[in-house]
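According to my numbering, numbering within the sequence shown proceeds without interruption in unit steps and concludes at 332.
Glycine is no exception: its CB is placed at the ideal position from the N, C-alpha and C atoms.
If you're wondering where the values come from, they're calculated on a predicted model, not measured in any experiment.
For reference, the structure discussed in these notes is given below.
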Amino acid sequence: MSDEEPVKNSGTATSSMNWWKRLALALVLAVISSAYPLLMASSHKVTNIIPEKVPNQVWDDRKIGAAIELLEREDFYGWASASPSWHPKSRLIAMPAYQQGISDTLSEFARLRAGTGDKQDSDLKHATTLLKQLNGQDTADKMHATIEALRRYHGRKARNLLDERNAEDVLKDDLALFARLLDNIIAEQTKIAAEPTRGVFNREIVQAYYHAKGELHAIGILIRATNPNSYEVMGINSALNRTVLALERASRAAPLTVSNPQPGKFSFGGNDIMQQAYLTMRAQLELAHLRSLLADSPNS
């Protein structure tokens, strides 16, 4: 018996060693498999709040300044659609759609401010075009060119080299644009909610949701940049604050997967699409009230 005992102990030791090797291998595989998702999560910089102070710097045209600062913020984080194919950001559905929503909104804003016909501002026209093309490997260059074009326009405006329009008329045009963009979001989300077939994970729905989130965020930033002291309109400060608060609520949620269940079906997250549509409608009501104050202004 004593001669066999070392053999038994040796077998036990070998089995224990193999168990630790299997455990170590499992841990390595777990780290490798979770590293990419963790990198994706850490690189996901979708902002869920509208800052109290917008813009941060002093600008002659506060909305143009806010647009520049918003683009510089996204440039600091990096434009997701321009990342190399191996980069976690390029694999995130939400981040590129969110940033595209921001750039599309700012493009429409620049188009409005550029004017029409022979008097169309060349710098704003250039910025409008570039903002629609912020994808691909040359996105960083286009982003910087956009910011430079907006800064050139602002520099000319600050030196009184541009024809000045009545401040209230400019604000009315801005708010009319924002109302149209909110109408488009509501129409798109209502259409998605009415679709007969829905998957647990739908790429198109996630893109539409986060594109709208980017639009809502950009609109909120531009309205926050409005200086109520520039307008002799009773109640405008309160109306601006309520509109921005409603836009922040509409753009706050950031679900990992966007839920859009069939009516009456169970969902852990409720219905993200319908919630976004409803909150956007609430923001639209606040915006309508703000526009009515301007319409009733004695200066109108």
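- Apart from the 5 residues on each side of it in sequence, E104 sits with its Cβ closer than 8 Å to the Cβ of I179 in its chain, given in chain order.
- When C-alpha distances from Q89 are compared across P83, I82 and A98, the shortest belongs to A98.
- The region 299 to 313 makes contact with the region 239 to 255, as at least three CB pairs between them are under 8 Å.
- According to the DSSP assignment, A99 belongs to the alpha helix (DSSP H) that extends over R94 to Y109.
- A Cβ-Cβ separation of about 12 Å leaves L248 out of contact with A286 under the 8 Å criterion.
- Out of G147, A327 and L279, the CA that lies nearest to the CA of I217 is found in L279.
- Within the region 214 to 267, the complete alpha helix (DSSP H) segments at least 4 residues long are 235 to 256, listed from N- to C-terminus.
- I82 sits in coil when the DSSP states are folded into three classes, being neither helix nor strand.
- Excluding five sequence positions before and after T222, the CB atoms of its chain that fall closer than 8 Å to its own CB belong to A309, given in chain order.
- Looking at the backbone, the Cα of A177 and that of S113 are separated by about 17 Å.
- The beta carbon of T289 sits closer than 6 Å to those of F233, all from its chain and outside the five residues before and after it, given in chain order.
- As summarised for the region 270 to 331, the continuous alpha helix (DSSP H) elements at least 4 residues long and confined to that stretch are 304 to 327, given in chain order.
- DSSP assignment within the region 122 to 168 yields the following whole alpha helix (DSSP H) runs of 4 residues or more, N-terminal first: 126 to 146 and 154 to 163.
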